[in-house]
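A.B. asks: Quick one: the structure is below, questions incoming.
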Amino acid sequence: MSADKRAELAGGPTGLPRHIAVIMDGNGRWAKMRGMPRTAGHSAGADSFRRAARYCQKLGVEYLTVYAFSTENWKRPREEVEGIMALLEKYLRQALRDMDKEQIRICIFGDLTPFSPKLRQMCAACMEKSAGYTGGQVNICLNYGGRDEIVRAAKRWAAAGCPELTEDVFGGYMWGGHIPDPDLLIRPGGEKRISNFLLWELAYTEMYFSDVLWPDFDEKEFDKAIAAFRERNRRFGDVQ
Ligand code: FPP
1 MSADKRAELA GGPTGLPRHI AVIMDGNGRW AKMRGMPRTA GHSAGADSFR
51 RAARYCQKLG VEYLTVYAFS TENWKRPREE VEGIMALLEK YLRQALRDMD
101 KEQIRICIFG DLTPFSPKLR QMCAACMEKS AGYTGGQVNI CLNYGGRDEI
151 VRAAKRWAAA GCPELTEDVF GGYMWGGHIP DPDLLIRPGG EKRISNFLLW
201 ELAYTEMYFS DVLWPDFDEK EFDKAIAAFR ERNRRFGDVQ
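Just so you know, we're using this note's numbering here: the sequence shown kicks off at 1 and counts up by one.
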């Protein structure tokens, strides 16, 4: 990426979001429109995720957090859930193979207890192997719920002996610890809601909603989202 392109998107070195969060919505509709099974939509969604991770790295976005499977997604038909699990396994296998080259740190946010031992082992291996990488961080939310995250944080805080409580201290008990909150949330797929995603972390995040379905949300769409972000006047509760 040329310095000009970066500057054009970022509006200067501080205009680029450090952290982008994405609700990867619209996979099912993308498949339906093509007369394909929903799992084919998730497969296209997984490709879109890989492309997004590479593009964010190229732009210099430090953190990308994606909602891959919510605490509510277990309600979906068994074959769809199994299809998503298979895609996750495929992604983690490829990541383990290629991660030295890409240098992207992978973190998993969510309670992995209900997942298969194989998937859990692969998640642990990816996190361990990539822990020292410096080419940006991708957080994959699996069996993740925003309310669940807050309740777990409260339990961890209590288990630590209730240290003096500030927002910063409490935030440190979230899955991401002390990483910066998302600057920009992107929700493709036409819906305009948060769906129990990052409830604590989105307090001052700029929201970008798009009708484009996630499998079609390519680099150009990211550019549009970032350009819209640059137009926002972030006041964090202050006046300006
Ligand atoms: C929401 O679209 C998408 C999901 C619940 C699953 C997302 C999973 C992936 C993209 C694949 C695995 C991820 C990785 C990180 C490899 P939807 O099915 O609700 O779409 P719809 O609203 O059109 O039905």
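Glycine included, each C-beta is placed from N, C-alpha and C at the ideal position.
Considering only residues of the segment 91–171, which uninterrupted beta strand (DSSP E) runs meet the minimum length of 3 residues and lie entirely inside it, listed in chain order?
C.D. replies: Qualifying beta strand (DSSP E) stretches, in chain order: 105–109, 137–144.
A.B. asks: S210: buried (16+ other C-beta within 10 angstroms of its C-beta) or exposed?
C.D. replies: Position 210 of the sequence shown, counted from the first residue, corresponds to residue 210. Buried, because 16 or more other Cβ atoms sit within 10 Å of the Cβ of S210.
A.B. asks: Buried or exposed for C107, going by 16 or more other Cβ atoms inside 10 Å?
C.D. replies: The sequence position of residue 107 within the sequence shown is 107, counting from 1. So C107 ends up on the buried side.
A.B. asks: For a cutoff of 8 Å on Cβ pairs, would you count E62 as touching chain C?
C.D. replies: Absence of chain C from the displayed structure is noted, only one protein chain being present.
A.B. asks: Tell me which residue opens and which closes the alpha helix (DSSP H) that S48 is part of.
C.D. replies: Sequence index remark: in the sequence shown, residue 48 carries index 48 (1-based). It spans 38–59 - the alpha helix (DSSP H) in which S48 sits, taken as one unbroken run.
A.B. asks: Would you mind working out which of W214, V169, A203 sits nearest E191, comparing C-alpha positions?
C.D. replies: Within the sequence shown, numbered from 1, the residue matching residue 191 stands at position 191. Ranking W214, V169, A203 by Cα distance to E191 puts W214 first.
A.B. asks: Would you say V66 touches the ligand FPP, meaning its beta carbon is less than 7 Å from a heavy atom?
C.D. replies: Taking the first residue of the sequence shown as position 1, residue 66 is located at position 66. Yes, the beta carbon of V66 sits closer than 7 Å to at least one heavy atom of the ligand FPP.
A.B. asks: Touch check for the segment 25–32 and the segment 182–197: three-plus C-beta pairs under 8 Å?
C.D. replies: Result yes; three or more Cβ-Cβ pairs closer than 8 Å.
A.B. asks: Between the alpha carbons of A228 and R235, how many angstroms are there, rounded?
C.D. replies: Against the sequence shown, residue 228 aligns to sequence position 228. Against the sequence shown, residue 235 aligns to sequence position 235. Going from the Cα of A228 to the Cα of R235 covers about 16 Å.
A.B. asks: Bridge partners of T65, per DSSP?
C.D. replies: As a position in the sequence shown, residue 65 is number 65, starting the count at 1. T65 pairs with A21, N139.
A.B. asks: Out of R50, Y144, D111, I226, state which residue places its alpha-carbon closest to the alpha-carbon of D183.
C.D. replies: As a first step, residue 183 is located in the sequence shown; it is residue number 183 there, counting from the start. Nearest C-alpha to D183: I226.
A.B. asks: Rounded to whole angstroms, what's the CA-CA distance from T242 to L96? Just pull it up for me.
C.D. replies: With the chain represented from 1 up to 240, any question about residue 242 goes unanswered, as that position is not in the structure.
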